[in-house]
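A.B. asks: For reference, each letter of the sequence shown is one residue, going 64 to 335 in the numbering used here.
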Amino acid sequence: MAEFALPKNSKLTEGKTWPRPVGANNLQEFRIYRWNPDDGANPRVDTYQVDRDDCGPMVLDALLWIKAKVDSTLVFRRSCREGICGSCAMNIEGQNALACTMGIDECQEHAKGKNPGAKKTGAVRIYPLPHMPVLKDLVPDLTNFFAQHASIEPWLQTETPAPEGEWKQTPEDRAQLDGLYECILCACCTTSCPSYWWNGDRFLGPAALLQAYRWLIDSRDENTGERLDALHDPFRLYRCHTIMNCANACPKGLNPAKAIAEIKKMMVVRDI
């Protein structure tokens, strides 16, 4: 009989419960994934109590509060704090989101929506983006993600000599790029995609394909045929099964699944 076992030191364990802040009455509990590749221990979930009266309203505010006042060893990415850079993407209450734009109260409402009987005072659970190698704590390894984005050659490609001024577009042509160029490469969509979980080594994923479409329909670009040739592969494009997790996860409200469907239509039209 075959036996299946988790890799050594991969089982998630209960971690440390940190002391409550002295004198605080308005507390919010956070349960946060922790893993240090250097100590050889299993990943764990630590429990923290955050003083809401001494902390901002966003999940990132709580993480910064914990790091500054409770546990300086907690590791996570962050930069702009305005939903622009995509650095602080993580899995919060079961959904991929930006910690800087996800409100603590919003987390509770999300949890209550999934379980109407749940109390609003439950813990906020925070994990790294799913199905990616973890470097430490809440920091995923996005090397493959960015390499796949680079592979679609996300820059203007032309044969026509460059004009003295800028490349011009009509307002109508420019409008076609709305809903595409706003991607901040946070990886929330790609890491929410089951097809990418299964075929992440070959399927480009929602974020890269959204950007591929952005350049395919750019009226200034003159390399459409070659771009389509590069995507004409059973895995790079066609592993998308329109599950729509990507559209639900995108913090900018974009729809990668629709863009991927448009690329598939372009493939069909070209082959007719």
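Just so you know, even glycine gets a beta-carbon here, dropped at the ideal spot from N, CA and C.
#1: Less than 8 Å between the C-beta atoms of C252 and P269, yes or no?
#2: Comparing alpha-carbon positions, which option in G288, E229 and D284 lies nearest V332?
#3: Quick one: residues in its chain with C-beta nearer than 8 Å to the C-beta of D264, no 5 flanking neighbours on either side, listed in chain order?
#4: Is H212 buried or exposed, if buried means 16 or more other CB atoms sit within 10 Å of its CB?
#5: Please report how far the alpha carbon of L317 lies from the alpha carbon of G242, in whole angstroms.
#6: For F139 and D204, which I take to be in contact (beta-carbon distance under 8 Å), what is that distance rounded to the nearest angstrom?
#7: Run through DSSP, which three-state label would R94 get?
#8: So within the segment 288–335, which uninterrupted alpha helix (DSSP H) runs reach at least 4 residues, ignoring any that extend past its ends?
#9: What's the C-alpha gap between K79 and N308?
#10: Which residues in the same chain have their Cβ closer than 7 Å to the Cβ of C249, if we skip the five residues on either side of it in sequence?
#11: Apart from the five residues on each side of it in sequence, which residues of its chain come closer than 7 Å, Cβ to Cβ, to I326?
#12: Hey, how far is the Cα of Q112 from the Cα of P106?
#13: Starting from R237 and walking both ways along the alpha helix (DSSP H), at which residues does that stretch end?
#14: Between the C-alpha atoms of M121 and R188, what's the straight-line distance to the nearest angstrom?
#15: According to DSSP, is S73 helix, strand or coil?
#16: Thinking just about the alpha-carbon of each residue, which of S214, V133 and R97 is nearest to the one in Y190?
#17: Using C-beta distances below 8 Å, list every residue in its chain close to L196, excluding the 5 sequence neighbours before and after it, in chain order.
C.D. replies: If we stick to the structure as given:
#1: Position 189 of the sequence shown, counting from 1, holds the residue named residue 252. Position 206 of the sequence shown, counting from 1, holds the residue named residue 269. Their beta carbons are under 8 Å apart, which means C252 touches P269 by this criterion.
#2: As a first step, residue 332 is located in the sequence shown; it is residue number 269 there, counting from the start. Per the Cα distances, G288.
#3: On the sequence shown, residue 264 is found 201 positions in, with the first residue counted as 1. Cβ within range, chain order: N207.
#4: Working through the sequence shown from its first residue, we reach residue 212 at position 149. That one is buried.
#5: Counting from one through the sequence shown, the residue named residue 317 turns up at place 254. Counting from one through the sequence shown, the residue named residue 242 turns up at place 179. A direct Cα-to-Cα measurement between L317 and G242 gives close to 6 Å.
#6: Numbered from its first residue, the sequence shown carries residue 139 at position 76. Numbered from its first residue, the sequence shown carries residue 204 at position 141. F139 to D204, Cβ: 14 Å. No contact.
#7: Position 31 of the sequence shown holds residue 94. Under the three-state reduction of DSSP output, R94 falls in the strand class.
#8: For the segment 288–335, the full-length alpha helix (DSSP H) segments reaching 4 residues or more read 308–312 and 319–334 along the chain.
#9: Your numbering for residue 79 matches position 16 in the sequence shown. Your numbering for residue 308 matches position 245 in the sequence shown. Taking the straight line joining both Cα atoms gives about 33 Å.
#10: Reading the sequence shown from its first residue, position 186 is the one you call residue 249. So the list reads G149, A152, L161 and P314, once near-sequence residues are dropped.
#11: Your numbering for residue 326 matches position 263 in the sequence shown. Around I326, the same chain offers L272, A275, Y276, L279, L294 and L300 as residues with beta carbons nearer than 7 Å, after the five sequence neighbours per side are excluded.
#12: The residue given as residue 112 occupies position 49 in the sequence shown. The residue given as residue 106 occupies position 43 in the sequence shown. Q112 and P106: Cα-Cα distance of roughly 20 Å.
#13: As a working mapping, residue 237 is identified with position 174 in the sequence shown. Where R237 is concerned, the enclosing alpha helix (DSSP H) stretches over P234 to A238.
#14: The residue labelled residue 121 in the question sits at position 58 within the sequence shown. The residue labelled residue 188 in the question sits at position 125 within the sequence shown. Computed Cα separation, rounded: 14 Å.
#15: Taking the first residue of the sequence shown as position 1, residue 73 is located at position 10. Coil.
#16: Indexing the sequence shown from 1 puts residue 190 at position 127. Of S214, V133 and R97, the residue nearest in Cα terms is R97.
#17: The residue labelled residue 196 in the question sits at position 133 within the sequence shown. For the sequence presented, residue 196 should be read as Pro rather than Leu. Its chain contains P203 and D204 as the residues whose beta carbon lies nearer than 8 Å to that of P196, once the 5 sequence neighbours on both sides are disregarded; these appear in chain order.
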